[in-house]
């Protein structure tokens, strides 16, 4: 930092923290963690006082009360460090094949998420191509695609699993189908928009080349739909994960993040619930980030990147 | 888009109007199938064996199909009259097929499926013709744009019914629409109680509080640029997270009754509202701000007269997203514990008792409630943002 810079802007050294987005985001995250600790102490205090009363401890000092509320076995709200310790324990300190390893559970959820996402994206693209090329499909299918999402399909997720189990289909596919249902919608809507994004003048050019509809689709419509595809895939993959987790809720499932949530809620293992939840959040965020990365690379190679 | 869809020349209404290749293929196939299938068995069980002519109503409909398809295929017959004839005969055929298979479930022969295909093809052709119409009369145009998706939905139900009964799919796997309808009519009291518990208490309370607080926080955040920069990326991230996972925690904190469901709904609806409102409040242009400035408008006036109205399309977008999220949140939260009433409870327990038609009846109620809720929000949106190009256009 030169003296010239200082003389031009007589701001405090912390001023940089207020600029851009990184600074504010860090501050807000720190505030959330602080509030979390405060809430943990407040929510866990009644139970801790109960323990003291039963243990005959009189007038525990405040410091001890706070320390104890943050280290309960089954707290109402676990403190962040408890969740972090549990996460570390169940990911790094357990064998990957162990039933107690969160890596094992999340790999199961992740595989059905990805299968469902791939199926859903494929279905969405096929539907969108159909809608763009057939007037009948456009007018008859599109309203139903939209209203299909007002149906709380997640509600029948358990039933789909149970029913498919009854006819001998078990494992990944039933869960993946729920993910498919949730993720095809954003892709269809986005791709219809994308496939229609070429301007009339560009379509006219294809016509002067006497390009067939398939050639026009392959050389013009699909490339110009790429940005729309990536945007809708980001929404779709998040929805896919939700579908996979909810698909694991019915009693049949014994593995996966959803099953961890359910088991945690049965046995009051709040730390387990929170660690599964945090891991699910991390997975969702990294999946979205991964697609963002693919988007940047692909669009750059297509000459559309910034 | 392509030549087939471009309005033709002056002859497009006359005899010369050509069928598109797909339509030609479909109508030819339907015609051939309708004639050939009269020789195939309709019902072929172990004890019963029925041909076309043992089922008078079906025979009449099949004859009508041939009589309509032949002139249609060779372009002697087109326009609105053809649409009505094609649609009418296809529904008549479908009705006859459903009635027939209802008497002999699981014994469908090749002829039966052939006539299902013929009926479906005729319905497709009628929709194809209907989609080509562009009536001048706005009422008629509205009617056409409603009839097309409606017939798609009706055909979905018809095919569901015919396939389930024709292949005698066990009720435990997938009940026929008719069974679901019977169950729906037979148990309105239970369904109403579930609806009141889940929708009127959990969903509506949670939706109102979640959207309301998201909106208020957004206005607060908008006032403080620091918060806007810090909260918006986090809000965007949280919108992509599987928030539904907090359901077990909320059930632990707030008990089994509806407040825990409302809490889940509040958390699920808060972030979409926050992010959309903040984005919407930034929608006004520099020049519009300048105009308000020349009017000497203060912060409050600018907010009320310009920025909030400008933000309304974004806010309604969030309201629409939330209307579906809210229902899902409340139902899934009920999987983690409820009193013995509620849609989620009904679904999870009736699945266990293999009462699948009751489950589907519950889902039908949920779907109807979800669609009506969404439709209501859309209606309000059209009234409030009447100035927006997407509504005006």
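Protein chains in written order, with the working numbering: chain A, 1 to 306; chain B, 1001 to 1393.
Using N, Cα and C, we set each Cβ at its ideal position, and we do this for glycine too.
With distances taken between CA atoms, residue 1092 of chain B lies nearest to B:1155 out of B:1289, B:1340, B:1033 and B:1155. Annotated as distal: residue 1042 of chain B and residue 1095 of chain B, with beta-carbon spacing of 9 Å or more. According to DSSP, residue pairing for residue 1108 of chain B in a beta bridge involves B:1043. Not one beta carbon of chain A lies nearer than 9 Å to the beta carbon of residue 1278 of chain B. Short of 6 Å from the beta carbon of residue 1323 of chain B, and not among the five residues preceding or following it, lie these beta carbons of its own chain, in chain order: 1373, 1374 and 1377.
Linking residue 1382 of chain B to residue 1077 of chain B through their CA atoms gives a straight-line distance of about 41 Å.
By the rule that beta-carbons nearer than 9 Å mark a contact, residue 1128 of chain B touches chain A. At least 9 Å separates the beta-carbon of residue 103 of chain A from that of residue 121 of chain A.
9 Å or more divides the Cβ of residue 273 of chain A from the Cβ of residue 1244 of chain B. Leaving aside the five residues that flank residue 262 of chain A on each side, the residues in its chain whose CB is nearer than 6 Å to its CB run, in chain order, 249. Across the structure, residue 57 of chain A and residue 29 of chain A are spaced so that their CA atoms are roughly 36 Å apart.
When secondary structure is reduced to three states using DSSP, residue 1050 of chain B falls in the strand class.
In the pairwise beta carbon analysis, the region 1226 to 1243 of chain B is classified as not touching the region 1304 to 1318 of chain B: fewer than three pairs are separated by under 8 Å. Counting only residues of its own chain and dropping the five nearest sequence neighbours on each side, residue 196 of chain A has a CB closer than 7 Å to the CB of 132.
Flagged as an interface residue toward chain A: residue 1229 of chain B, by a C-beta distance shorter than 9 Å.
Here residue 185 of chain A is buried. Its C-beta has 16 or more other C-beta atoms within 10 Å. In this chain, the alpha helix (DSSP H) harbouring residue 1103 of chain B covers 1080 to 1103. For residue 1353 of chain B, the three-state secondary structure derived from DSSP is coil. Residues of chain B with a Cβ closer than 9 Å to the Cβ of residue 121 of chain A do not exist; the shortest Cβ-Cβ separation is about 16 Å. In the three-state reduction of the DSSP assignment, residue 72 of chain A falls in the coil class, being assigned neither a helical nor a strand state.
Annotation for residue 1152 of chain B: the continuous alpha helix (DSSP H) segment containing it runs 1138 to 1166. A straight-line Cα-Cα distance of about 40 Å links residue 1048 of chain B and residue 1130 of chain B.
Its Cα nearest to that of residue 1175 of chain B, the residue B:1363 stands out among B:1192, B:1019, B:1363 and B:1385. Distance between residue 1169 of chain B and residue 142 of chain A, taken at the CA atoms: about 29 Å. With fewer than 16 neighbouring CB atoms inside 10 Å of its own CB, residue 1220 of chain B falls in the exposed class. Taking a beta-carbon distance threshold of 9 Å, residue 1374 of chain B counts as an interface residue toward chain A. Closest by C-alpha distance to residue 1387 of chain B, out of B:1206, B:1052 and B:1312, is B:1312. The region 69 to 81 of chain A makes no contact with the region 198 to 214 of chain A, as fewer than three CB pairs between them are under 8 Å. No Cβ of chain A is located within less than 9 Å of the beta carbon of residue 1102 of chain B. By the criterion of a C-beta distance shorter than 8 Å, residue 1104 of chain B is surrounded in its chain by 1043, 1045, 1048 and 1050, once the five residues flanking it on both sides are discounted. Each residue's CA atom was taken as its position, placing residue 1019 of chain B and residue 1128 of chain B some 10 Å apart. CA-to-CA, the gap between residue 268 of chain A and residue 1181 of chain B works out to about 40 Å. Taking a beta-carbon distance threshold of 9 Å, residue 131 of chain A does not count as an interface residue toward chain B.
Shown here is that no member of the region 1192 to 1212 of chain B has a Cβ falling below 7 Å from a Cβ of chain A. Bounds of the alpha helix (DSSP H) holding residue 1223 of chain B are 1204 to 1223. The Cβ neighbour count for residue 190 of chain A, taken over all protein chains shown within 10 Å, is at least 16; the residue is labelled buried.
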